[in-house]
Amino acid sequence: RKEVEQDPGPFNVPEGATVAFNCTYSNSASQSFFWYRQDCRKEPKLLMSVYSSGNEDGRFTAQLNRASQYISLLIRDSKLSDSATYLCVVNMRYGGSQGNLIFGKGTKLSVKP
Amino acid sequence: DTGVSQDPRHKITKRGQNVTFRCDPISEHNRLYWYRQTLGQGPEFLTYFQNEAQLEKSRLLSDRFSAERPKGSFSTLEIQRTEQGDSAMYLCASSLGPPNYEQYFGPGTRLTVT
Numbered sequence: 547r548k549e550v551e552q553d554p555g556p557f558n559v560p561e562g563a564t565v566a567f568n569c570t571y572s573n574s575a576s577q578s579f580f581w582y583r584q585d586c587r588k589e590p591k592l593l594m595s596v597y598s599s600g601n602e603d604g605r606f607t608a609q610l611n612r613a614s615q616y617i618s619l620l621i622r623d624s625k626l627s628d629s630a631t632y633l634c635v636v637n638m639r640y641g642g643s644q645g646n647l648i649f650g651k652g653t654k655l656s657v658k659p
Numbered sequence: 033d034t035g036v037s038q039d040p041r042h043k044i045t046k047r048g049q050n051v052t053f054r055c056d057p058i059s060e061h062n063r064l065y066w067y068r069q070t071l072g073q074g075p076e077f078l079t080y081f082q083n084e085a086q087l088e089k090s091r092l093l094s095d096r097f098s099a100e101r102p103k104g105s106f107s108t109l110e111i112q113r114t115e116q117g118d119s120a121m122y123l124c125a126s127s128l129g130p131p132n133y134e135q136y137f138g139p140g141t142r143l144t145v146t
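Below is the structure:
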């Protein structure tokens with residue numbers, strides 16, 4: 547099983563649509579979870595951290611299910627400017643180390659007029 | 033602009049040459065990370081500094097790669113005897129806390145080895 551696995555997409559959706567991205571991770575000891583956004587040929591930018599209770603930031607909602615080792619990102623009312631690749635990121639801890647961030651390959655979203 | 037900066041932004045080199053990249057983290061961040069990203073993949077961890085101490089290195093980091101952060105501020109990543117497979121985007125990130133904290137990325141250095 548890959549450490550962090552995402553549906554690669556692409557997801558092609560019309561403006562205003564709701565789109566959901568899913569992500570699974572392999573290490574049950576993982577403690578921190580993030581969604582990053584990456585535009586073409588740019589650096590990843592932090593979109594939001596993911597908390598156990600779930601969290602929302604405007605049109606974006608992130609959920610974490612530790613039992614299933616599953617993370618999701620929901621985008622409501624999609625805008626053209628949401629077109630990007632969305633990276634699921636998990637802090638993987640092994641032994642006594644503080645762990646490293648492991649990135650999924652990303653899910654590409656294209657929002658069309 | 034107080035974000036992470038990297039220099040150069042682009043580097044084209046011939047196989048076998050050595051290259052060095054620089055990263056300046058956000059000033060109050062004492063953790064600094066190097067990643068490599070190839071097309072269609074997410075960033076892959078290379079190494080991590082807490083202040084000037086290099087705490088972890090990925091198995092991806094062969095003996096041709098070395099990184100330093102001599103005064104706990106900026107960092108350099110050197111690749112010796114470059115190979116075509118080294119062509120990638122090299123990203124630097126910094127954080128205020130350990131690796132489980134939010135990390136902020138620089139614009140990257142795109143390396144092309146011909």
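In the order they appear, the protein sequences are chains A and B.
Each residue of the first sequence is one higher than the last, beginning at 547 in my numbering.
Each residue of the second sequence is one higher than the last, beginning at 33 in my numbering.
Glycine is no exception: its CB is placed at the ideal position from the N, C-alpha and C atoms.
Item                                                                                                                                                  : Value
Step through the CB atoms of chain A and report whether any lies within less than 9 Å of the CB of S90 (chain B).                                     : yes
By Cβ distance below 6 Å, which residues in the same chain neighbour N573 (chain A) in space, the five residues on each side in sequence not counted? : M638
The beta strand (DSSP E) spanning A120 (chain B) covers which residue range?                                                                          : A120 to S127
Would P590 (chain A) count as contacting chain B if we go by Cβ distances under 9 Å?                                                                  : yes
What do you reckon, are the CB atoms on R622 (chain A) and T564 (chain A) nearer than 9 Å?                                                            : yes
Using a Cβ cut-off of 9 Å, which residues of the segment 646-659 of chain A contact any Cβ in chain B, in chain order?                                : N646, L647, I648, F649, G650, K651 and G652
Mind listing the chain C neighbours of S578 (chain A)? Cutoff is C-beta to C-beta under 7 Å, in chain order.                                          : Judged by its chain identifiers, the structure shown contains no chain C, and its protein chains are A and B.
I'd like to know whether the C-beta atoms of G48 (chain B) and R113 (chain B) end up nearer to each other than 9 Å.                                   : yes
In the DSSP output, what is L620 (chain A) paired with across the bridge?                                                                             : A:A566 and A:T607
Can you tell me where the beta strand (DSSP E) holding I648 (chain A) begins and where it ends?                                                       : N646 to F649
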